[in-house]
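Colleague: The structure that follows is given in the form of structure tokens.
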Amino acid sequence: MDLNIQHLVQRYPDHLVTIDSHTAGEPTRLIVGGIPPIPGGTVAEKRQYLMQEWDHVRLQLTREPRGHRDMLAALVTEPTTEGAAFGLIYMDARRYPYLCGHATIGAVTTLIEAGVVEATEPETMVIVDTPSGPAEAVAHMRGGLVDSVTIQLAPSFVYGENQPLDVPGLGRIRVDTVCVGGFFAMVSAEQIGLPMTLAHVDRLIDLGMSIIEAANEQLTVRHPTRPEVTTVDVTEFYDLSGHESRRGVSAVVYGESHIDRSPCGTGTSAKMALLHRRGQLALDQPFVNAGILGTTFEGRLVAETTVGDLPAVVPEVRGSAQITGVHQFVLDPRDPFPQGFLL
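Okay, so the sequence shown: first residue is 6 according to the numbering used here, each after it adds one.
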């Protein structure tokens, strides 16, 4: 039975409209309606304004009862860079990431298939404004739909190598810090004695969050050209076994005790930057990275560059996304949880 309930939505003038998708299993909630234009001369400035004035939107959409701690949302904004198609401000249940690969793939796929961004076969370039700067994306088209998207992420660099870190419940380990927009603590899986499988997800999450906390207490990180980037926000566990054949497995933990369902676009980039630093991955060599579900991204390093005075590489990652739903979220004035909650 089909019911006409459009009048119900009209009862709530401040409703939010989203198009949800998943990229290799990881969700993206793309906010496409219900928020006025966000002021700011750059997407980084728009992000700051959203954090200060509209944080209730993040809380509503990434926390229960409308969302959950594993949801990542992204607001579509007006672009600020010439030639860009749109801007993205990323958000999860804890923070506003500077960059997110899977969400960028999801957003490009969604906006092309929704008819917002024009695309032609076989390939269409789309420039996306992000808080980390403009990102180039190429939509690979087939039959009028997006088959996959290749994104070029922020120049990535190894910041600290083989740094000692004391982690409660784990002891002393060694980490490398790598920056892909924001900072990662990179930890080889052999140090924690756990296979990166679904059976060990809870323990991986606990250890990952403990490592983030310990890293921010014991290590100092500072982006050489963006002074606001001064924290480690992500732990990436990685398996060394397949690196000689340019294949890898990662488990990426961030946010409010969230483990990435996908191989993680920025995480794949961080892994490639670290392998390049170690002489294990050359430019233009394909690298296939798997996540906790077994889904994969294909990456490669397309150039060497510098960030400030640090050597860096330019990564690109290719993956596929599918739309899962179109939603209209409302807030009843009687709702006891207007900003959501986490358990």
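Even for Gly, the Cβ is constructed at its ideal location relative to N, Cα and C.
(1) Look at the alpha carbon of Ala-253 and the alpha carbon of Val-293, and state the distance between them as a whole number of angstroms.
(2) Exposed or buried, which one is Gln-344 when buried takes at least 16 other CB atoms within 10 Å?
(3) Beta-carbon separation of Ser-325 and Glu-31 under 8 angstroms?
(4) Where does Val-307 fall in DSSP's three states?
(5) Kindly indicate the opening and closing residues of the alpha helix (DSSP H) around Asn-221.
(6) Less than 8 angstroms separating the beta-carbons of Val-151 and Thr-109?
(7) Which same chain residues, not among the five before or five after His-107, have their C-beta less than 6 angstroms away from its C-beta?
(8) List the endpoints of the continuous beta strand (DSSP E) containing Met-6.
(9) Going along the chain, which unbroken runs of the alpha helix (DSSP H) with 4 or more residues stay wholly within the stretch 247 to 298?
(10) Please return the same chain residues whose Cβ sits closer than 6 angstroms to the Cβ of Gln-65, not counting the five positions on each side in sequence.
(11) Starting from Gln-15 and walking both ways along the alpha helix (DSSP H), at which residues does that stretch end?
(12) Tell me whether the beta-carbon of Gln-301 lies closer than 8 angstroms to the beta-carbon of Ala-308.
(13) For Glu-69, which residues does DSSP report across the bridge?
(14) Quick one: complete alpha helix (DSSP H) runs, 4+ long, within the stretch 87 to 119?
(15) At what residues does the alpha helix (DSSP H) containing Ala-49 begin and finish?
(16) Our contact map puts Met-191 next to Val-180 with C-beta atoms below 8 angstroms; I'd like the distance itself, whole angstroms only.
(17) Put Arg-323 into one of helix, strand or coil per three-state DSSP.
(18) With distance defined between alpha-carbon atoms, name the residue in Trp-59, Gln-333, Ala-287 and Ser-274 nearest to Tyr-17.
(19) Skipping 5 residues on each side, what residues in its chain have a beta carbon closer than 7 angstroms to that of Val-48?
(20) Using only CA atoms, which one of Tyr-243, Cys-184 and Leu-336 lies nearest to Leu-158?
(21) Could you name the residues of the same chain whose beta carbon sits closer than 8 angstroms to that of Gly-149, not counting the 5 residues immediately before and after it, in chain order?
(22) Helix, strand or coil: how does DSSP classify Leu-378 here?
(23) Just the C-alpha distance for Glu-222 and Thr-236, rounded to the nearest angstrom, thanks.
(24) Given Ala-124, which residues of its chain have a CB within under 8 angstroms of its CB, disregarding the five upstream and five downstream residues?
(25) Using CA atoms only, rank isn't needed, just tell me which of Phe-188, Arg-282, Pro-291 and Arg-283 is closest to Leu-104.
(26) Compute the beta-carbon to beta-carbon distance between His-73 and Val-335, rounded to the nearest angstrom, for a pair I have assumed lies under 8 angstroms.
(27) Does DSSP classify Arg-63 as helix, strand or coil?
(28) Where does Glu-195 fall in DSSP's three states?
(29) So Ile-217 and Asp-238 are in contact, right, with Cβ under 8 angstroms, and what is the actual spacing, rounded?
(30) Based on Cα-Cα distance, which residue from Asp-97, Gln-53 and Ala-140 lies nearest to Ala-90?
Modeller: If we stick to the structure as given:
(1) Mapped onto the sequence shown, residue 253 falls at position 248. Mapped onto the sequence shown, residue 293 falls at position 288. In the sequence as displayed, the identity of residue 253 is Gly instead of Ala. Spanning the two alpha carbons is a distance of roughly 6 angstroms.
(2) One-based indexing of the sequence shown puts residue 344 at position 339. With fewer than 16 Cβ atoms within 10 Å of its Cβ, Gln-344 is classed as exposed.
(3) As a working note, residue 325 is residue 320 in the sequence shown. As a working note, residue 31 is residue 26 in the sequence shown. Against a cut-off of 8 angstroms, the Cβ pair of Glu-31 and Ser-325 comes out as no contact.
(4) By one-based count along the sequence shown, residue 307 stands at place 302. Here Val-307 sits in strand by DSSP.
(5) In the sequence shown, residue 221 corresponds to position 216, counting from 1. Counting along the chain, the alpha helix (DSSP H) containing Asn-221 begins and ends at 206 to 223.
(6) Here residue 151 is taken as the residue at index 146 of the sequence shown, counted from 1. Here residue 109 is taken as the residue at index 104 of the sequence shown, counted from 1. No, Cβ-Cβ distance for Val-151 and Thr-109 is not below 8 angstroms.
(7) Here residue 107 is taken as the residue at index 102 of the sequence shown, counted from 1. Spatial neighbours of His-107 in its own chain (CB-CB distance under 6 angstroms, excluding positions within 5 residues in sequence) are listed in chain order as Thr-28, Glu-31, Ser-267 and Gly-270.
(8) Locating residue 6 in the sequence shown gives position 1, where the first residue counts as 1. Note, Met-6: premise wrong, no beta strand (DSSP E); not H, not E.
(9) Secondary structure in the stretch 247 to 298: the alpha helix (DSSP H) runs of 4 residues or longer, each lying completely within the stretch, are 270 to 282 in chain order.
(10) Locating residue 65 in the sequence shown gives position 60, where the first residue counts as 1. Only Arg-71 and Gly-345 meet the Cβ criterion.
(11) The residue labelled residue 15 in the question sits at position 10 within the sequence shown. Note, Gln-15: alpha helix (DSSP H), 11 to 15.
(12) Translated into the one-based positions of the sequence shown, residue 301 becomes position 296. Translated into the one-based positions of the sequence shown, residue 308 becomes position 303. Per the sequence shown, the amino acid found at residue 301 is Thr instead of Gln. No, these two residues do not count as a Cβ contact at 8 angstroms.
(13) Counted from its first residue, the sequence shown places residue 69 at position 64. DSSP output for Glu-69 lists Phe-346 as bridge partner(s).
(14) Counting whole runs of 4 or more residues, the stretch 87 to 119 contains the alpha helix (DSSP H) stretches 106 to 118.
(15) As a first step, residue 49 must be located in the sequence shown, where it is residue number 44. Counting along the chain, Ala-49 sits inside the alpha helix (DSSP H) bounded by residues 48 to 58.
(16) Locating residue 191 in the sequence shown gives position 186, where the first residue counts as 1. Locating residue 180 in the sequence shown gives position 175, where the first residue counts as 1. Contact check for Met-191 and Val-180: beta-carbon distance about 6 angstroms, within the 8 angstroms limit, so the pair qualifies.
(17) On the sequence shown, residue 323 is found 318 positions in, with the first residue counted as 1. Looking at Arg-323 - three-state DSSP - the assignment turns out to be strand.
(18) Counting from one through the sequence shown, the residue named residue 17 turns up at place 12. Closest by alpha carbon: Gln-333.
(19) Along the sequence shown, read from residue 1 onward, the residue named residue 48 stands at position 43. Excluding residues up to 5 positions away in sequence, Thr-82, Thr-85, Gly-92, Ile-94, Asp-134, Thr-135 and Pro-136 lie with their Cβ nearer than 7 angstroms to the Cβ of Val-48 in the same chain.
(20) Here residue 158 corresponds to residue number 153 of the sequence shown, with the count starting at 1. Minimum Cα distance to Leu-158 is reached at Cys-184.
(21) One-based indexing of the sequence shown puts residue 149 at position 144. Closer than 8 angstroms at the Cβ level, and outside the excluded window around Gly-149, lie Glu-126.
(22) With the chain represented from 6 up to 348, any question about residue 378 goes unanswered, as that position is not in the structure.
(23) As a first step, residue 222 must be located in the sequence shown, where it is residue number 217. As a first step, residue 236 must be located in the sequence shown, where it is residue number 231. One C-alpha to the other measures close to 10 angstroms.
(24) Within the sequence shown, the letter at position 119 stands for residue 124. Within the same chain, and ignoring the five residues on either side of Ala-124 in sequence, the residues whose Cβ sits closer than 8 angstroms to its Cβ are Ile-117, Val-131, Ala-144, Met-146 and Val-151.
(25) Looking up residue 104 in the sequence shown gives position 99. When each option's Cα is compared against that of Leu-104, the closest is Phe-188.
(26) Start at 1 with the first residue of the sequence shown, and residue 73 comes out as number 68. Start at 1 with the first residue of the sequence shown, and residue 335 comes out as number 330. About 18 angstroms separates the CB atoms of His-73 and Val-335; that is not less than 8 angstroms, and the two are not in contact.
(27) For the purposes of this step, residue 63 is identified with residue 58 of the sequence shown, where counting begins at 1. The answer is helix: DSSP assigns Arg-63 an H, G or I state.
(28) To locate residue 195, count along the sequence shown from 1; it is residue 190. Glu-195 falls in the helix class under three-state DSSP.
(29) Counted from its first residue, the sequence shown places residue 217 at position 212. Counted from its first residue, the sequence shown places residue 238 at position 233. Correct: roughly 7 angstroms between the Cβ atoms.
(30) Position 85 of the sequence shown, counted from the start, is the residue given in the question as residue 90. For the residues Asp-97, Gln-53 and Ala-140, the minimum Cα distance to Ala-90 belongs to Ala-140.
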